[in-house]
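J.: The sequence shown lines up with residues 1 to 363 when you count with the numbering used here. Virtual Cβ for every residue (Gly too), placed ideally from N, Cα, C.
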Amino acid sequence: MMLLLAAALLPTVPPAPPAEPSRQALLRWTMSPVLCRGGERVAAERVVRPADPQGTMVWNGMSNLTPLAIDFRIDATGRPLSISPVRTGYRPYADDIVPALAAARFAAGGERAGCTVTFTPHVVPLATASIADLASYAATSPTMPHEIWVKLLPAGEDCSNPEPEVSLRAFPPFKSLPAQPGYLSTTMVGYDVAANGKPVRPHTIASSESPALDAAARAAVARSRFERGVRHGCAFRYWKGATTLAAPPTPEEASVRPADATCPLTHDYDRKPDLRYPAAYSRRNIEGWAIIAFDVASWGQTGNIRVLAAEPASDFGEAATSMVRAVTMPPSPHGYTGCIERVFYRIGKPGMKVLPPQLPFID
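1. With DSSP as the reference, label residue 68 as helix, strand or coil.
2. Would you call residue 62 buried or exposed, if buried means 16 or more other Cβ atoms sit within 10 Å of its Cβ?
3. Excluding the five sequence neighbours on either side, which residues of its own chain have a C-beta within less than 8 Å of the C-beta of residue 330, listed in chain order?
4. So, using beta-carbon positions, are residue 187 and residue 261 closer together than 8 Å?
5. Using DSSP with H/G/I as helix, E/B as strand and the rest coil, what is residue 240?
6. Is the beta carbon of residue 202 less than 8 Å from the beta carbon of residue 230?
7. Terminal residues of the continuous alpha helix (DSSP H) containing residue 147?
8. Look at the Cβ atom of residue 120, then the Cβ atom of residue 30, and state whether they are nearer than 8 Å.
9. Does DSSP classify residue 49 as helix, strand or coil?
10. Measuring only the C-alpha atoms, how far is residue 94 from residue 52?
11. Enumerate in chain order the residues of its own chain whose CB-to-CB distance from residue 32 is below 8 Å, with the five nearest sequence positions on each side excluded.
12. Taking the alpha-carbon positions, what's the residue 233 to residue 148 distance?
13. I'd like the list of long-range same chain contacts for residue 177, defined as Cβ closer than 7 Å, with 5 residues on each side in sequence excluded.
14. Secondary structure at residue 333, three-state DSSP: helix, strand or coil?
15. The beta strand (DSSP E) with residue 191 in it runs from where to where?
16. When you compare each of 74, 159 and 172 to residue 101 by their alpha carbons, which one comes out closest?
17. Can you grab the Cα-Cα spacing for the pair residue 276 / residue 218, in whole Å?
18. Is residue 363 helix, strand or coil by DSSP?
19. Classify residue 289: buried if its beta carbon has 16 or more other beta carbons within 10 angstroms, exposed otherwise.
20. How long is the line joining the alpha carbons of residue 348 and residue 196, rounded to whole angstroms?
21. How is residue 315 classed by DSSP in three states: helix, strand or coil?
22. What does DSSP give as the partner residues of residue 119 in its beta bridges?
23. Give me the Cα-Cα distance between residue 96 and residue 106, rounded to the nearest whole angstrom.
24. Measuring CB atoms only, is the region 306 to 317 touching the region 280 to 289, in the sense that at least three cross pairs come out at less than 8 Å?
25. Which term fits residue 205, buried or exposed, when burial requires 16 or more other beta carbons within 10 angstroms of its beta carbon?
26. Please list, in chain order, all residues of the same chain as residue 60 whose beta carbon is under 6 Å from its beta carbon, the five residues on each side excluded.
27. Might you give, ordered along the chain, the residues of its own chain that have their beta carbon closer than 7 Å to the beta carbon of residue 258, omitting 5 neighbours on each side?
28. With a threshold of 7 Å on Cβ separation, who are the neighbours of residue 321 within its own chain once the five nearest residues in sequence on each side are excluded?
29. Bridge partners of residue 179, per DSSP?
30. Compare the Cα-Cα distances from residue 263 to each of 87, 65, 333 and 319 and report the closest residue.
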């Protein structure tokens, strides 16, 4: 049996930040060196693209933030797989950490097992945040609160209140830029405006270190045009959303189905599955799957539910478990054992029919 869930490919819409600047703070998560115990020695892995958990605005003085340790493995291409937090349970403002690790990359080579990494929270009051802190937040967030925007502008700027009227706003050729599977890139370009309304001296203020986007954004600013009048300290921000990070190959059902299973291959559910895509992975356009084993009582209730495998992260297994727990099958004389459900989480592609938008569907 196979269930297919899909989510529309849409930009991230993060929650609004707190409203009082004097009590606001920046939360960012820093990544420790990655150690793997799969070889003869424990050594730090070379990071090709680090994890980039989204920056968050929080209340100053939060004391319930704790480090998050994660176990995983690395395949031969350098992709993190089988990602699972060491401790389960809710952690505030940490929902983007595991998806961010799923989108990271390490040096290619042999497969590595027994890998671990820790993400540590750092809270910096907005009132005392350095330019580096502000730029770090800007690099991992698709939106920019006004309080951070004005702090990144140079002292004495005269371009934000009021802003000059835009005659032409140019944009980078986003489709021709390198794909970004599972992660977004941002860049904030500073510039001045000459008397004739042409931007001059475009330069990068804050960036997620995507050279192609940085260069294309500076060129786009240079092509833009504004109302006449000299202005200093202007800025504009561009961001390119994540492209789809495909799920790794999935085992066939026959390879995991028990030999003595009494469950039919096709499941006729009385109470249909509530198909929900894990939101944190949908925001990053990360696909996944889970293989769930379960039994069914004679009255149709599922039980003995367990995750046989889930990739690229255990979150997909947890989501699929919740879904299977809520379904029911028609009553039967003796119930069933050895039922298998393969649940696929897919991102909607252009032209794919997903009704209604942003909701999963069964194939």
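T.: Inspection of the coordinates gives the following:
1. Taking the sequence shown and counting its residues from 1, one reaches residue 68 at position 68. If DSSP states are grouped into helix, strand and coil, residue 68 belongs with the strands.
2. The residue labelled residue 62 in the question sits at position 62 within the sequence shown. A residue is called buried when at least 16 other Cβ atoms come within 10 angstroms of its Cβ; residue 62 does not meet this threshold and is exposed.
3. Here residue 330 is taken as the residue at index 330 of the sequence shown, counted from 1. For residue 330, where only same-chain residues beyond five positions count, the Cβ hits under 8 Å are 268, 270 and 300.
4. Here residue 187 corresponds to residue number 187 of the sequence shown, with the count starting at 1. Here residue 261 corresponds to residue number 261 of the sequence shown, with the count starting at 1. No, these two residues do not count as a Cβ contact at 8 Å.
5. Working through the sequence shown from its first residue, we reach residue 240 at position 240. Residue 240: strand per DSSP, three-state reduction.
6. Sequence index remark: in the sequence shown, residue 202 carries index 202 (1-based). Sequence index remark: in the sequence shown, residue 230 carries index 230 (1-based). Not closer than 8 Å, so no.
7. Residue mapping note: residue 147 aligns to position 147 of the sequence shown, counting from 1. Residue 147 -> alpha helix (DSSP H) spans 146 to 152.
8. In the sequence shown, residue 120 corresponds to position 120, counting from 1. In the sequence shown, residue 30 corresponds to position 30, counting from 1. Yes. Within cutoff.
9. Position 49 of the sequence shown, counted from the start, is the residue given in the question as residue 49. Three-state DSSP puts residue 49 in a strand.
10. In the sequence shown, counting from the first residue as 1, residue 94 sits at position 94. In the sequence shown, counting from the first residue as 1, residue 52 sits at position 52. Distance between the alpha carbons of residue 94 and residue 52 is about 12 Å.
11. By 1-based counting over the sequence shown, the position of residue 32 is 32. Only 117, 118, 119 and 120 meet the Cβ criterion.
12. The residue labelled residue 233 in the question sits at position 233 within the sequence shown. The residue labelled residue 148 in the question sits at position 148 within the sequence shown. In a straight line, the C-alpha of residue 233 is about 15 Å away from that of residue 148.
13. Position 177 of the sequence shown holds residue 177. So the list reads 212, 213, 216 and 240, once near-sequence residues are dropped.
14. Locating residue 333 in the sequence shown gives position 333, counting from the first residue. If DSSP states are grouped into helix, strand and coil, residue 333 belongs with coil.
15. As a working mapping, residue 191 is identified with position 191 in the sequence shown. Following the DSSP letters along the chain, one finds residue 191 inside the beta strand (DSSP E) bounded by residues 185 to 193.
16. Position 101 of the sequence shown holds residue 101. Of 74, 159 and 172, the residue nearest in Cα terms is 74.
17. By one-based count along the sequence shown, residue 276 stands at place 276. By one-based count along the sequence shown, residue 218 stands at place 218. Taking the straight line joining both Cα atoms gives about 40 Å.
18. The residue you call residue 363 lines up with position 363 of the sequence shown. For residue 363, the pLDDT reaches just 36, beneath the cut-off of 50, and the residue's location in the model is therefore unreliable, although a value from the coordinates is still provided. Reduced to three states, the DSSP call for residue 363 is coil.
19. If you number the sequence shown from 1, residue 289 lands on position 289. It counts as buried.
20. As a position in the sequence shown, residue 348 is number 348, starting the count at 1. As a position in the sequence shown, residue 196 is number 196, starting the count at 1. Whole-angstrom Cα-Cα distance: 45 Å.
21. Translated into positions along the sequence shown, residue 315 becomes position 315. Three-state DSSP puts residue 315 in a helix.
22. Your numbering for residue 119 matches position 119 in the sequence shown. BP columns for residue 119 point to 31 and 68.
23. For this step, residue 96 is matched to residue 96 along the sequence shown. For this step, residue 106 is matched to residue 106 along the sequence shown. Straight-line Cα distance between these residues: approximately 19 Å.
24. yes
25. Residue numbering aside, residue 205 sits at position 205 when the sequence shown is read from its first letter. Residue 205 comes out buried.
26. As a working note, residue 60 is residue 60 in the sequence shown. Same-chain partners within the cutoff: 23, 25 and 125.
27. Indexing the sequence shown from 1 puts residue 258 at position 258. Taken in chain order, the residues that qualify are 338.
28. The residue you call residue 321 lines up with position 321 of the sequence shown. Contacts found: 292, 305 and 307.
29. Sequence index remark: in the sequence shown, residue 179 carries index 179 (1-based). Beta-bridge pairing links residue 179 to no other residue.
30. Within the sequence shown, numbered from 1, the residue matching residue 263 stands at position 263. Checking every option, the nearest Cα to that of residue 263 belongs to 333.
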